[in-house]
Amino acid sequence: MSARIGVVLFPGTNCELDVEHAVNELGGTAELLWHGDDTTKGVDAIVIPGGFAHGDYLRTGAIARFSPVMGAVGEHARAGGPVVGICNGFQVLCEAHLLPGALQKNAGLKFLCEMVTLRVETASTVLTNQARVGAMLRIPINHFEGNYVCDERTLAELRAEERVVVRYVDNPNGSLDDIAGICSAQRNVVGLMPHPERASDPLLGSSDGIVLLKSLLAAAASSATMPV
Amino acid sequence: MPAFTAHVEVTHLPGIADPAGATVERALPALGYTNVAQVHIGKTIRLVVDAPDAESARAQVNEMCERLLANPVIEAYEVVIS
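Right, here's the structure in full:
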């Protein structure tokens with residue numbers, strides 16, 4: 093059976109169908125998870141896709157954190173299950189304290205929608221287990237609040253534990269230490285601002301995101317064989 | 817229980833980018849205000865809370881700030897109860 097990937101849908105999420113399509117194209121089975129249901133329906137892995145959950149009112153991700161589904165997402169994460177937050181999903185994971193730090197407005201006050209080059213910094217996460225450290229990936233960004241920030245102690249921890257997953261080669265938004273994505277201490281929760289699902293077909297201008305999504309499917313498949 | 821009005825001001829922590837404030841600061845000289853600096857744009861949240869006394873109202877609103885109204889990683893807050 094193919095890996096079941098839950099894709100969380102909040103009011104205002106707008107990348108769920110792109111993620112669903114990419115996951116299904118790569119041999120997984122995507123299943124939408126409504127934010128108001130307090131269950132992840134036993135999926136093997138969870139993606140929180142991009143968009144503007146709850147209109148991004150107050151702060152990006154601030155309200156989404158209290159949606160009923162997030163309790164179940166937290167349990168899945170604490171049990172070691174793979175969770176990936178893309179763009180707004182990264183912001184939600186930070187607000188939910190499943191990842192440290194926060195995403196502030198881009199330096200320069202510009203909404204950025206462009207292709208960027210990322211460097212894979214570690215291959216031991218649920219999103220990079222099929223990738224090579226040092227690999228350069230062309231993947232688009234599409235955000236206003238993508239400027240990662242955290243306190244000095246957290247940054248030192250992220251570096252020492254090799255928890256920076258991907259870095260921008262040419263920092264577009266002012267992110268601390270060129271950080272484009274990080275993972276949790278257990279390495280099963282990953283958040284990143286770039287959109288791998290939008291680089292999952294040559295027709296989209298890049299298929300460099302496939303290696304990341306395939307990594308997630310591999311992590312989901314091995315998580316499915318683990319008792320949770 | 818008496819009702820207390822809470823006035824919460826949420827601002828960026830020092831060192832956190834405030835591009836909206838910076839943009840307004842660059843716009844003001846165009847109107848002739850060349851003597852303006854340190855423009856910051858934050859948020860004001862007003863709410864009414866029923867509580868036995870002002871101190872308990874303040875404690876509750878502080879907790880709301882920590883848990884939802886502000887993100888302590890990037891924001892500071894100030895609560896005024898009246």
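Residue numbers (my numbering), protein chains in the order written: chain A, 93 to 320; chain B, 817 to 898. Backbone N, C-alpha and C fix where the C-beta goes; we use that ideal spot for every residue, glycine too.
Anyone know if the C-beta pair for A/V323 and A/P286 falls short of 9 Å?
As displayed, chain A neither begins before 93 nor continues past 320, which places residue 323 of chain A out of reach and without an answer.
Check your understanding: Taking buried to mean at least 16 other C-beta atoms within 10 Å of its own C-beta, is A/C179 buried or exposed?
Key -> buried
- request: Taking C-beta pairs closer than 8 Å, name the residues in chain A that B/I890 reaches, listed in chain order.
  value: A194, Q196 and V241
- Message: Please report whether the beta-carbon of A/C186 lies at a distance below 9 Å from any beta-carbon of chain B.
- Response: yes
Margin query: Just to make sure I have the definition right: I need the residues of chain A whose C-beta is within less than 7 Å of the C-beta of B/L844. Which are they?
Written below: By Cβ distance, chain A contributes nothing, its closest Cβ being about 16 Å from B/L844, past 7 Å.
Q. With distances taken from CA atoms, which of A/T220, A/N116 and A/T132 is nearest A/I171?
A. For clarity, residue 171 of chain A is Ala in the given sequence; the question names Ile instead. Cα-wise, what sits closest to A/A171 is A/T132.
Going straight from the alpha carbon of A/V212 to that of B/L863, what length do you get?
46 Å
* To do: Report yes or no: do three or more beta-carbon pairs, one from the region 258-266 of chain A and one from the region 290-298 of chain A, lie closer than 8 Å?
  => no
### Message
Quick check: what's the CA-CA separation for A/L250 versus A/W126?
### Response
32 Å
In chain order, what residues of the same chain have a beta carbon less than 7 Å from the beta carbon of A/F236, not counting five sequence neighbours either side?
K197, N198 and F203
Straight-line CA distance for A/R96 to A/R230?
-> 26 Å
In chain order, each beta strand (DSSP E) run of at least 3 residues that lies wholly inside the region 155-236 of chain A | 175-178, 194-196, 204-212 and 228-235
Q.
Going by beta-carbon coordinates alone, are A/L185 and A/V281 separated by less than 9 Å?
A. yes
Taking C-beta to C-beta, are A/I274 and A/L191 nearer than 9 Å? yes
Open item on the list: List, from N- to C-terminal side, the alpha helix (DSSP H) runs of 4 residues or more that fit wholly inside the region 823-885 of chain B.
Closed with: 835-843 and 870-880
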